[in-house]
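K.L.:
Be aware that the sequence shown starts at 105, since it is given in this note's numbering, and climbs by one per residue.
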Amino acid sequence: MADPFIDLSQFAASSPPPASAAPLPHPHGRGIVDPTVTPPPQLHINTVAQDALVDGIKHALYRQGRTAVFTCGGRIPMVLDPDHRTDEGDLTPRTDALMQEQRILTMPVTLRWGDEMAGRRVELPILGDGGEDGGTSQAIIEQLARACTPATFGGDGEDVFDEEYRRAGALAVGEFMTDFCPYKAGIVDLVTQMLVPPIAEHHGPSPPQIEYGEIEDGLTWDQRREKKRMMFRGVRAELYKLNVYSGPSGHFKAHVDTPRNETQVGSLVVCLPIQFTGGALAVRHAGQEIIHDWALNLAEPAIQWAAFYSDCQHEVLQVTAGHRIILTYNLYLSPGTGRLCDRALSLQPQGLPIYELLKRILISRDFMPNGGYLGLYLVHGYPHTDPVQHKFVPNMLKGADLGVFEAVKVAGLIGVLVQCQNGSFLPALEELDTMYARHVRKQSRPQRCDVDPVRRDVTTVANLLTAAEIEAGSMEDEDGFGGGDDDMGDDDRREEFERILGEEGGGGEEYLQERHRDFIKEYYAEKEVVWVGGGGERQVSKVWVAYGNQAMLAVKYSYVSLIVKVPSWWERGM
Ligand SMILES: O=C(O)CCC(=O)C(=O)O
Ligand SMILES: [Fe+2]
Numbered sequence: 105m106a107d108p109f110i111d112l113s114q115f116a117a118s119s120p121p122p123a124s125a126a127p128l129p130h131p132h133g134r135g136i137v138d139p140t141v142t143p144p145p146q147l148h149i150n151t152v153a154q155d156a157l158v159d160g161i162k163h164a165l166y167r168q169g170r171t172a173v174f175t176c177g178g179r180i181p182m183v184l185d186p187d188h189r190t191d192e193g194d195l196t197p198r199t200d201a202l203m204q205e206q207r208i209l210t211m212p213v214t215l216r217w218g219d220e221m222a223g224r225r226v227e228l229p230i231l232g233d234g235g236e237d238g239g240t241s242q243a244i245i246e247q248l249a250r251a252c253t254p255a256t257f258g259g260d261g262e263d264v265f266d267e268e269y270r271r272a273g274a275l276a277v278g279e280f281m282t283d284f285c286p287y288k289a290g291i292v293d294l295v296t297q298m299l300v301p302p303i304a305e306h307h308g309p310s311p312p313q314i315e316y317g318e319i320e321d322g323l324t325w326d327q328r329r330e331k332k333r334m335m336f337r338g339v340r341a342e343l344y345k346l347n348v349y350s351g352p353s354g355h356f357k358a359h360v361d362t363p364r365n366e367t368q369v370g371s372l373v374v375c376l377p378i379q380f381t382g383g384a385l386a387v388r389h390a391g392q393e394i395i396h397d398w399a400l401n402l403a404e405p406a407i408q409w410a411a412f413y414s415d416c417q418h419e420v421l422q423v424t425a426g427h428r429i430i431l432t433y434n435l436y437l438s439p440g441t442g443r444l445c446d447r448a449l450s451l452q453p454q455g456l457p458i459y460e461l462l463k464r465i466l467i468s469r470d471f472m473p474n475g476g477y478l479g480l481y482l483v484h485g486y487p488h489t490d491p492v493q494h495k496f497v498p499n500m501l502k503g504a505d506l507g508v509f510e511a512v513k514v515a516g517l518i519g520v521l522v523q524c525q526n527g528s529f530l531p532a533l534e535e536l537d538t539m540y541a542r543h544v545r546k547q548s549r550p551q552r553c554d555v556d557p558v559r560r561d562v563t564t565v566a567n568l569l570t571a572a573e574i575e576a577g578s579m580e581d582e583d584g585f586g587g588g589d590d591d592m593g594d595d596d597r598r599e600e601f602e603r604i605l606g607e608e609g610g611g612g613e614e615y616l617q618e619r620h621r622d623f624i625k626e627y628y629a630e631k632e633v634v635w636v637g638g639g640g641e642r643q644v645s646k647v648w649v650a651y652g653n654q655a656m657l658a659v660k661y662s663y664v665s666l667i668v669k670v671p672s673w674w675e676r677g678m
C-alpha cells in the first residue's frame with residue numbers, strides 16, 4: 105500500500121471550524137487532548153444533518169461523473185494525391201519543420217490476408233466508381249468478407265455464436281496484415297491524453313528548487329515546479345481483430361469488452377475508409393450516450409476512430425448497406441510515455457467540485473463528529489484475475505474515478521481501494537486505521553484526542569490483548585498475573601503475557617491470532633461505513649456477467665470502492 109496521504113495540517117491553517125460549531129468545553133482546549141488523561145467526549149450525531157451532507161457528496165460525484173470523459177474519437181484526413189508524397193512514399197519529408205504544425209494526415213491503408221499462394225491485397229479507399237479498378241476492388245472486398253469467420257462473443261463464460269446478438273465477420277491478428285499504425289497516425293497519443301491524463305501530484309509542499317542553466321520555457325517557477333510533479337501514464341495499443349460488419353444486418357448488441365489482462369484500460373476501434381450506411385457505434389456510461397457515426401463522414405476519405413474505457417457498455421447499430429471494416433485494438437496501461445499533454449488536459453483535483461465539498465464537509469461538526477468511514481463507489485469497472493488477492497492499482501483509475509481518488513487525497517484524507525465483491529471490508533478498515541495511526545505517530549504534534557489505545561495497537565496482537573484483556577483482568581491466572589497489576593509497564597505486561605501463553609504448552613501463537621481476529625471483529629462490528637453512490641449505474645454489471653466480446657474466465661471486471669477514513673471532528677479541527 106502506498107504511503108498514507110493524509111495532510112490534516114491544511115485544515116488547521118485554512119479551515120477553522122465555523123463559529124456556529126462552537127467547540128465543546130474541554131479541559132485542554134479544542135482538539136488538543138491527551139487520551140491517557142481524559143477520553144474525548146463523544147459528540148452527538150445529528151443524523152438528519154449528516155444525511156444531508158452525505159447527499160451532497162452523492163450529487164457532487166454524480167455531477168463529476170457527468171462531465172468526465174469515457175470515450176473519445178477523431179478523424180484523420182487521408183492524402184490520396186501521390187504529389188503530396190516523397191519518393192519513398194512518405195507524406196512529406198520528415199525534416200520539414202512546418203510539418204510539426206500541420207494537422208496529422210494519413211495515407212491509404214493496405215490490407216493483406218489469405219493463405220500462402222492465395223494471398224489477397226486491397227488498398228482502401230477504393231478509388232474510382234464503377235470503373236474496372238473500382239469494380240475489381242469491390243469484388244476483393246466481398247472476398248475479404250467471405251474470408252472472415254463468423255464473429256463470436258463471450259456469453260456466460262463461453263464463446264457464443266448467435267447472430268441475433270452479433271452478426272459480423274472476424275479475422276484474428278495472425279490471419280491478416282495491415283500497414284495502418286495507430287501510433288504513426290497520432291491516435292495513441294490522443295487517447296493517452298484523453299483516457300489516462302497525467303495526474304498532478306500534490307503530496308504536500310516542497311521547497312522550490314532553483315536550477316541554473318535551464319532552457320527558458322516561459323513558465324513561472326511555480327508552473328515549472330508543478331509540471332515536474334505530474335505523474336504521466338502511458339497507453340499501449342495492441343491490434344486484436346479485423347471485423348467486417350456487412351449490410352443489411354451486421355451489428356453487435358450492447359456489451360462490454362472482455363479485459364485481456366489486469367492492465368487493460370480501454371479499447372480502440374479504427375474504421376477504414378469504405379462506403380457503408382448505418383453501423384454507428386454507441387458508447388454508454390453512467391446514463392450518458394455518445395454516438396460515433398462514421399457513415400456520415402465518408403465523402404472525404406479518412407480514418408475515423410473511437411476509443412473508450414472497455415468497461416463502458418457499447419453497441420454497433422445495424423449496418424444497412426455496404427461493409428463496415430474495423431480494426432480493433434486493446435489498450436493497456438503502460439509506464440508514462442513523457443509529456444504529451446498540455447496543461448489544460450491535466451487533472452487538477454483542487455478544481456473538482458468534490459474537493460471543495462469535502463473540505464467544507466470536514467469542518468462541519470454534523471459530519472461524522474466521532475469519526476468513521478466513508479465508502480465511495482467508483483463508477484467504472486476494473487479487470488482483475490483474483491478478486492480476493494488482487495491488490496488494486498491506483499494507476500489504473502479511469503476518468504471520473506481518478507478525480508474522486510485525487511480529490512480525496514488532496515483533501516488530506518487517507519483512503520484505500522477495495523473490490524466490492526470481496527464481501528468483508530474489515531481488512532480495509534484495519535488497513536486504514538493502521539495507516540492513520542502510523543501517520544499520526546509520525547507527526548510531531550500534540551497527542552490527538554481520538555486515537556484510542558485499541559486503535560493505536562491494532563497491528564500488534566500482543567498489544568491488543570495487553571490493552572483489552574489484561575487491563576480488563578480477563579486473563580488472570582494461577583500465577584496471579586492479571587490486568588489489575590498496576591506496577592507493571594505495558595512492555596512488561598506483554599512479555600509476561602507472552603511467556604505465560606508460551607508456557608501453557610503449544611498453541612499460544614494460534615490462540616493469540618484467534619483472539620486477535622475475534623477482537624478485531626468485535627471492534628469493527630460497531631464501526632459503520634457510510635456508503636455513497638452505487639445506484640443505477642451499477643446495473644451495467646449485468647451486462648458484464650452476460651455479454652463480453654470474448655469469453656475469458658481468467659480476467660473479470662469488478663467494481664471498486666474507495667473507503668476513506670474520516671477522523672473525528674476533534675482531530676479534523678486540529
Ligand atoms: O466495431 C465497433 O465499432 C466496435 C466493435 C466492438 O465493440 C468489439 O469488437 O468488441
Ligand atoms: Fe466491444
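Ideal placement from N, C-alpha and C gives every residue a C-beta, glycine not left out.
#1: From 457, 479 and 286, pick the residue whose C-alpha is nearest to that of residue 170; which is it?
#2: Residue 229: which of 183, 258, 254 and 250 sits nearest, CA to CA?
#3: Restricting to Cα atoms, I'd like to know which of 399, 502 and 483 is closest to residue 424.
#4: Under 8 Å: do the segment 244–253 and the segment 273–284 share three or more Cβ pairs, one atom per stretch?
#5: Is any heavy atom in ligand 1 found nearer than 7 Å to the beta carbon of residue 385?
#6: Kindly indicate which three-state DSSP category residue 413 falls into: helix, strand or coil?
#7: With a threshold of 7 Å (Cβ to nearest heavy atom), would residue 488 be considered close to ligand 1?
#8: Which of the three DSSP states is assigned to residue 301 in this structure?
#9: Within a Cβ cutoff of 6 Å, which residues of the same chain sit near residue 340, ignoring the five residues on either side of it in sequence?
#10: Verify whether the separation of the beta carbon atoms of residue 300 and residue 369 is less than 8 Å.
#11: So, helix, strand or coil for residue 474, using DSSP?
#12: With a cut-off of 8 Å on the beta carbons, I'd call residue 664 and residue 524 a contact; round off their distance for me.
#13: Give a yes or no on contact between the segment 413–429 and the segment 359–368, applying the rule of three or more CB pairs nearer than 8 Å.
#14: Can you tell me which residues form a DSSP beta bridge with residue 663?
#15: Skipping 5 residues on each side, what residues in its chain have a beta carbon closer than 6 Å to that of residue 671?
#16: If you draw a straight line from the C-alpha of residue 464 to the C-alpha of residue 385, how long is it?
#17: With 16 as the cutoff for other CB atoms within 10 Å, does residue 353 come out buried or exposed?
#18: Verify whether the separation of the beta carbon atoms of residue 271 and residue 257 is less than 8 Å.
#19: Quick check on residue 454: buried or exposed, where buried means 16 or more other Cβ atoms within 10 Å of its Cβ?
#20: CB residue 174 to CB residue 488, shorter than 8 Å?
#21: So, with DSSP's three-state summary, where would you put residue 97?
#22: May I ask you to check if the CB of residue 359 is nearer than 7 Å to at least one heavy atom of ligand 2?
#23: Can you grab the Cα-Cα spacing for the pair residue 392 / residue 166, in whole Å?
#24: Considering only the alpha carbon of each residue, which of 338, 677 and 505 lies closest to residue 486?
#25: If distances are taken between C-alpha atoms only, which option among 503, 155 and 466 comes closest to residue 295?
#26: Go ahead and label residue 676 buried or exposed: buried means 16 or more other beta carbons lie within 10 angstroms of its beta carbon, across all protein chains shown.
#27: I need the boundaries of the beta strand (DSSP E) containing residue 635, first residue and last residue.
#28: Look at the alpha carbon of residue 293 and the alpha carbon of residue 153, and state the distance between them as a whole number of angstroms.
#29: DSSP three-state label for residue 162, please.
#30: For residue 428 and residue 162, what's the separation of their Cα atoms in angstroms?
#31: So residue 666 and residue 533 are in contact, right, with Cβ under 8 Å, and what is the actual spacing, rounded?
#32: How would you call residue 577, buried or exposed, if buried means at least 16 neighbouring beta carbons within 10 angstroms?
#33: Can you grab the Cα-Cα spacing for the pair residue 518 / residue 673, in whole Å?
#34: Kindly identify the DSSP beta-bridge partner or partners of residue 181.
#35: On the DSSP bridge list, what partners appear for residue 176?
#36: When you measure from the CB of residue 389 to every non-hydrogen atom of ligand 2, does any distance come out below 7 Å?
P.N.:
Taking the structure as given:
#1: By one-based count along the sequence shown, residue 170 stands at place 66. In terms of Cα proximity to residue 170, the closest of 457, 479 and 286 is 457.
#2: Residue mapping note: residue 229 aligns to position 125 of the sequence shown, counting from 1. If we check each option's Cα against that of residue 229, 183 comes out closest.
#3: Your numbering for residue 424 matches position 320 in the sequence shown. Comparing Cα-Cα distances from residue 424 to each of 399, 502 and 483, the minimum goes to 399.
#4: Under the Cβ criterion (8 Å, minimum of three pairs), the segment 244–253 counts as touching the segment 273–284.
#5: Here residue 385 is taken as the residue at index 281 of the sequence shown, counted from 1. Flag set: Cβ of residue 385 near ligand 1.
#6: Position 309 of the sequence shown, counting from 1, holds the residue named residue 413. Strand.
#7: Walking along the sequence shown from the start, residue 488 turns up at place 384. Placement of the Cβ of residue 488 at a distance of 7 Å or more from every heavy atom of ligand 1 is found.
#8: As a working note, residue 301 is residue 197 in the sequence shown. When DSSP states are grouped into helix, strand and coil, residue 301 belongs to the coil group.
#9: For the purposes of this step, residue 340 is taken as residue 236 along the sequence shown, with counting starting at 1. Residues 436 and 438 of the same chain have their beta carbon placed closer than 6 Å to that of residue 340, with the five preceding and five following residues left out of the count.
#10: Here residue 300 refers to the residue found at position 196 when the sequence shown is read from its first residue. Here residue 369 refers to the residue found at position 265 when the sequence shown is read from its first residue. Yes, the pair counts as a contact, with Cβ atoms nearer than the cut-off.
#11: If you number the sequence shown from 1, residue 474 lands on position 370. Reduced to three states, the DSSP call for residue 474 is coil.
#12: Residue mapping note: residue 664 aligns to position 560 of the sequence shown, counting from 1. Residue mapping note: residue 524 aligns to position 420 of the sequence shown, counting from 1. Correct: roughly 7 Å between the Cβ atoms.
#13: Segments in contact, yes.
#14: Position 559 of the sequence shown holds residue 663. Answer is 485, bridged to residue 663.
#15: Start at 1 with the first residue of the sequence shown, and residue 671 comes out as number 567. Same-chain partners within the cutoff: 475.
#16: Here residue 464 is taken as the residue at index 360 of the sequence shown, counted from 1. Here residue 385 is taken as the residue at index 281 of the sequence shown, counted from 1. Straight across, the Cα-Cα distance linking residue 464 with residue 385 is about 41 Å.
#17: Sequence index remark: in the sequence shown, residue 353 carries index 249 (1-based). Exposed is the call here.
#18: For the purposes of this step, residue 271 is taken as residue 167 along the sequence shown, with counting starting at 1. For the purposes of this step, residue 257 is taken as residue 153 along the sequence shown, with counting starting at 1. No, they are not a contact pair.
#19: In the sequence shown, counting from the first residue as 1, residue 454 sits at position 350. Answer is exposed; the Cβ neighbour count stays below 16.
#20: Taking the sequence shown and counting its residues from 1, the one referred to as residue 174 is at position 70. Taking the sequence shown and counting its residues from 1, the one referred to as residue 488 is at position 384. Going by C-beta atoms, residue 174 is not nearer than 8 Å to residue 488.
#21: Given that the chain is displayed from residue 105 to residue 678, the structure contains no residue 97 and the question cannot be resolved.
#22: Residue mapping note: residue 359 aligns to position 255 of the sequence shown, counting from 1. Yes, the Cβ of residue 359 comes within 7 Å of a heavy atom of ligand 2.
#23: What you label residue 392 is simply residue 288 of the sequence shown in a count that begins at 1. What you label residue 166 is simply residue 62 of the sequence shown in a count that begins at 1. It is roughly 12 Å from the alpha-carbon of residue 392 to the alpha-carbon of residue 166.
#24: The count along the sequence shown starts at 1 and reaches residue 486 at position 382. Distance from the Cα of residue 486 is smallest, within the candidate group 338, 677 and 505, for 505.
#25: Taking the first residue of the sequence shown as 1, we reach residue 295 at position 191. Residue 295 has its Cα closest to that of 503, out of 503, 155 and 466.
#26: Numbered from its first residue, the sequence shown carries residue 676 at position 572. So residue 676 ends up on the buried side.
#27: In the sequence shown, the residue the question calls residue 635 occupies position 531. In the DSSP assignment, residue 635 falls within the unbroken beta strand (DSSP E) covering 633–636.
#28: For the purposes of this step, residue 293 is taken as residue 189 along the sequence shown, with counting starting at 1. For the purposes of this step, residue 153 is taken as residue 49 along the sequence shown, with counting starting at 1. Taking the straight line from one Cα to the other gives about 46 Å.
#29: Locating residue 162 in the sequence shown gives position 58, counting from the first residue. In this structure, residue 162 counts as helix in the three-state DSSP scheme.
#30: Taking the sequence shown and counting its residues from 1, the one referred to as residue 428 is at position 324. Taking the sequence shown and counting its residues from 1, the one referred to as residue 162 is at position 58. Near 41 Å, if we compare the C-alpha coordinates of residue 162 and residue 428.
#31: Taking the first residue of the sequence shown as position 1, residue 666 is located at position 562. Taking the first residue of the sequence shown as position 1, residue 533 is located at position 429. Actually they are not in contact, since the Cβ atoms of residue 666 and residue 533 sit about 13 Å apart, beyond 8 Å.
#32: Along the sequence shown, one-based indexing puts residue 577 at 473. Confidence at residue 577 is low in this model, with a pLDDT of 47, below 50, so its placement is unreliable and the value that follows should be read with caution. Exposed is the call here.
#33: Translated into the one-based positions of the sequence shown, residue 518 becomes position 414. Translated into the one-based positions of the sequence shown, residue 673 becomes position 569. If I take the Cα positions, the gap works out to 15 Å.
#34: What you label residue 181 is simply residue 77 of the sequence shown in a count that begins at 1. Beta-bridge pairing links residue 181 to 406.
#35: Here the question's residue 176 lines up with position 72 in the sequence shown. In the DSSP output, where bridge partners are listed per residue, residue 176 has 411.
#36: On the sequence shown, residue 389 is found 285 positions in, with the first residue counted as 1. Taking 7 Å as the cut-off, one finds no heavy atom of ligand 2 near enough to the beta carbon of residue 389.
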